[in-house]
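In this note's numbering, the protein residues as written are 32 to 113.
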């Protein structure tokens, strides 16, 4: 029964993040701060997957630099060129 409860909590965590990040990205796109290649909801899920996966990889390789190598290009792609 514990595994089921844990999976619900993890799902709730990612649902909450998606519900927060999606409108942030949508507002940024509408205000021309961000460039979205997909819908805000798809971009939010993609960013969350990238960040969380990178956290795991950086820990596994004991490399904070790895985190930046992977996440910075994602952020740069999102930001409008100025």
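C-beta: ideal position from N, C-alpha, C; glycine also.
Cutoff 6 Å; reference residue 59; Cβ partners in own chain excluding five residues on either side: Counting from 1 along the chain shown, the entry for residue 59 is found at position 28. Apart from sequence neighbours up to five positions away, the residues of its chain that approach residue 59 with a beta-carbon distance below 6 Å are 65, ordered along the chain.
Residues sharing a beta bridge with residue 110, DSSP: To locate residue 110, count along the chain shown from 1; it is residue 79. Beta-bridge annotation (DSSP): residue 110 is paired with 65.
Pairwise C-alpha distance: residue 43 and residue 82: Looking up residue 82 in the chain shown gives position 51. Looking up residue 43 in the chain shown gives position 12. If I take the Cα positions, the gap works out to 17 Å.
Exposure of residue 75, with buried meaning 16 or more beta-carbon neighbours within 10 Å: Counting from one through the chain shown, the residue named residue 75 turns up at place 44. Burial of residue 75 is indicated by the presence of at least 16 other C-beta atoms within 10 angstroms of its C-beta.
Residue 93, DSSP secondary structure in three states: Within the chain shown, residue 93 is the residue found at index 62, counting from 1. Annotated three-state conformation of residue 93 is coil, per DSSP.
Same chain, Cβ closer than 6 Å to residue 71, five either side skipped, listed in chain order: In the chain shown, counting from the first residue as 1, residue 71 sits at position 40. Sequence-distant Cβ neighbours of residue 71 in its own chain, meaning closer than 6 Å and more than five residues away, are 53, 56 and 57.
DSSP state of residue 70 mapped onto helix, strand, coil: As a working mapping, residue 70 is identified with position 39 in the chain shown. DSSP places residue 70 outside both helix and strand once states are collapsed to three, so it counts as coil.
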